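Numbering (UniProt numbering), first residue to last: 1 to 682. Just so it is clear, CB atoms sit at the ideal spot from N, CA and C, and this is done for glycine as well. Remember, predicted model here, so these are calculated numbers, not experimental data. Presented below is the structure to which this report refers.
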Amino acid sequence: MARWLLAHKANADAILAEEGFMVALRYDIQVRTSAFAHRVTLSSGCKSLVDISVLRPKITQSCYTTARKFNKLEFLDNPYTKGGARATWEAGTRSPAPQELEKEPNELQHQELRSARDHPSKVNQNLHESPHLTEQEITILSLPAEDVNQTEPIESPVKTQGWPSEIRCEMNIDEWSAALHKANLIPEFSDVLDGFNQGIPPNHNLGPQRPFFTPNNHTSAWEVKGKIEEKLAKEVLEGQMFGPFTHEQVKKKFKFFRSNPLGAVTNGDGSLRPTNDLLYPVARKETPSVHYFLRAREGPVLLAIFDWEKAYRQIPTAMDQWPFLMIKNFKGNLLLDTRITFGGVAGCGSFGRPADAWKRIMLHEFDLIQIFRWVDDNLFIKDPNSTTRMETIVDRSNTLGVKTNSEKFSPFAFEQKYIGFLWNGKKKTVRLPDGKLFDRLAQLKQFANQPVFLYKEVEVMVGRLNHVSYLLPQLRTYLCSFYRWLKSWIVPRAPRELPLDVKADLERWTHTLLRFKETRLIPNPEPTEIGWVGDASTGFGMGILIGHRWAQFQLVQGWNRQADQDGGIAWLETVAIRLGLLMLEELGIKQGKTFIVWTDNTTTEGAIRKRKSKDKWVNEEWKLIQDNLVRLQTDIEGRRVTSNKNRADALSRGITEGHQWRHLVTISLPQDLERHMFQVYL
């Protein structure tokens, strides 16, 4: 029975994380009520409870529908408790309670208060059973007798820090000022110095009936409670947080205050990163989130990695922001956070500005080609002959007060891992790490063989493939079916089968990644004009021109009556694109470039632009073109030319006049095309 209860609790916790508190509460009540009210008879004739450890999808869906009807989705805690979104509402009527004047405690309440102070050990036993005590008095009575009138914070896992009276910044502001002036970055980055001194600056409240809003932490935070408490204790010891304080103590400082739920996510290296959810609650007009109020402001090279240690925690916030950036610990008390929140959900540029200034200082003071910054991760690039060393850069950063993550710091080398990719400064390529590529292929295989899916499972896969598409932009078109599928989902917890178009796109992803090795870095994203134009006619065949180099292909008799080919002129025009790529390869294509190709066929032009076509045969041909683009590490961009100006028109009709045979480019015709055409030679 105990195992059943634990499994049932795990089911309820999963529902809480997915659909919110009210759905989980209704599910818990219905399952337990049914289990005790309707017992089952075993084969032996004995009566038994229903196995409550089994998740009941129908009950879950029923609870979800009811919660949605009464607009109770998205609650991750009880909204009717003190500090909740509906603390002033009546749970029975689901509407705000009529305002009542505060009443003086009657004699019975005074007696209970005096008795509690005299006999504290008896308080907790029947505390919540008393109908006479107010919620505020229950809070006071819950404290040990010696703490009732104290002004210092109550239970604390660490030594309490007093209330801060000024903004403290770990940066060496004098060094920053000197470096910015020396690099001629003043007044462009004057706001950075102001921010270090005064905080990087929302003043709001939720009405007179709600002096504070302190929801409970997310389930993910409770699952790693011990580790988060250690991090909070460290923050307090370092003077970045203060407290913990009781609600009453904070009310003496702020007219209104709120905390944001703690959560936890796992980094790619397996380490834990607490998050502070400034987006909570979502889509609740009566309780807008903090985020709602905030407003954001050609040779080989060597590469190196520099990572700011807990970047956001080095940047102070303005004192007038403190009431809205508090943290509720696991004992119900509050911590005052004076730095940008965990996770940087709503940093509003407060880290970006100092980081940009630091980057410009480094570029001014050291012999570097460039620095690429992704939040707090930095990729340094220098010439192999440069004498700059990362150790010197780290020392200089430490002088400025910028902490360095020693685990992510790496010296200059030709290959570095950055934002999940391996960048090679010698070969000028970028690729997925071998382990990551293997993982993606395994995940695609598992996904394709899965019978049904939940919304979040599809969302996770789309995120993974999106990351890969930065390396393979040619595959972005094969994400569209995933987004159509996600958009059509009404109930996130409702399982759905794999659509046929998604299955087909999964096969393309798997097919490409099995053959993918690396991508050439593109030095210039602008397309290159090389005079590439193609044309086709059903009467003769195809002609292709690249500058003054040319090729001509003649169709065999009955080419369109092949058992596996019903394609028409649009298919032929698209085949001309593939043959043009093979000509480029023969001529010695330069990897990492985008080439312009001219066509007079609307379907082919659309296929180049969309990377797909509604024409079955054009679409199949385009898949082969995609394979060649990935293999050749290049890309193409389509342009439209009118038929009367198409220089390849004569070649497509069998005319070679005006073209010199010494400029003919011979290629090895793909095996799948040999039954349909042949190349014309002298």
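Of Leu555, Gln557, Gly547, the smallest CA-CA separation from Ile596 is found for Gly547. Counting C-beta atoms within 10 angstroms of its own C-beta, Gly543 has 16 or more neighbours from the protein chains shown and is therefore classed as buried. In the DSSP assignment, Thr510 falls within the alpha helix (DSSP H) that extends over 500-515.
Its chain contains Arg26 as the residues whose beta carbon lies nearer than 7 Å to that of Thr66, once the 5 sequence neighbours on both sides are disregarded; these appear in chain order. C-alpha of Val224 to C-alpha of Pro499: approximately 37 Å in a straight line. A distance of 7 Å or more separates the beta carbons of Gln552 and Val641. Proximity of the segment 568-575 to the segment 602-614 meets the contact definition, three or more beta-carbon pairs being nearer than 8 Å.
When only Cα atoms are considered, Arg675 and Gly567 end up about 14 Å apart. Using a Cβ distance threshold of 7 Å, Pro244 and Asn329 count as a contacting pair.
Spanning the alpha carbons of His181 and Ala357 requires a straight line of approximately 11 Å.
Considering only His663, Glu391, Glu365, Ile228, the residue with the shortest C-alpha distance to Lys331 is Ile228. In chain order, Leu581, Leu584, Glu585, Ile589, Gln591 place their CB closer than 8 Å to the CB of Leu632, counting only its own chain and leaving out the 5 sequence neighbours on each side. For the set Asp635, Trp550, Asp377, the Cα lying nearest the Cα of Val665 is the one of Trp550. In the DSSP assignment, Tyr418 falls outside any alpha helix (DSSP H) and within the unbroken beta strand (DSSP E) covering 415-418. The way I'd put it, the segment 522-536 doesn't touch the segment 478-486; fewer than three beta-carbon pairs between them come closer than 8 Å. With contacts defined by Cβ atoms closer than 7 Å, Thr214 and Ser259 form a contacting pair. Thr594 is positioned such that its CB atom lies no closer than 7 Å to that of Arg520. If you compare the alpha carbons of Lys285, Lys503, Phe414, Ser220 with that of Ala14, the shortest gap goes to Ser220. The three-state reading of DSSP puts Val452 in strand, counting E and B together. Contact annotation: Leu555 and Gly534 have beta-carbon atoms that are not nearer than 7 Å.
Closest in alpha carbon position to Leu335, among Lys231, Lys382, Phe380, is Lys231. A contact between stretches requires three or more CB pairs, one per stretch, nearer than 8 Å, and the segment 363-371 meets this requirement with the segment 380-400. Collapsing the DSSP output to three states places Gly226 in a helix.
Following the DSSP letters along the chain, one finds Val597 inside the beta strand (DSSP E) bounded by residues 594-599. DSSP places Met319 within a helical segment (H, G or I) once states are collapsed to three. For the options Ala494, Gly162, Asp501, Leu545, the alpha carbon positioned closest to that of Leu237 is the one of Gly162.
It is roughly 16 Å from the alpha-carbon of Ser643 to the alpha-carbon of Gly654. The C-alpha of Thr656 is placed about 17 Å away from the C-alpha of Met677. Going by C-alpha positions, Leu486 is about 41 Å away from Val192. Between Asp320 and Gln474 a beta carbon distance of about 50 Å is seen, past the 8 Å cut, so the two are scored as non-contacting. Between His659 and Val452, the alpha-carbon positions lie close to 59 Å from each other. Ranked by Cα distance from Leu432, the options Tyr418, Gln443, Lys445 are led by Tyr418. Boundaries of the alpha helix (DSSP H) harbouring Gln249: 247-251, taken from the DSSP string. In this structure Gln450 is exposed. Its beta-carbon is surrounded by fewer than 16 other beta-carbon atoms within 10 angstroms. Where Ala576 is concerned, the enclosing alpha helix (DSSP H) starts and stops at 569-587.
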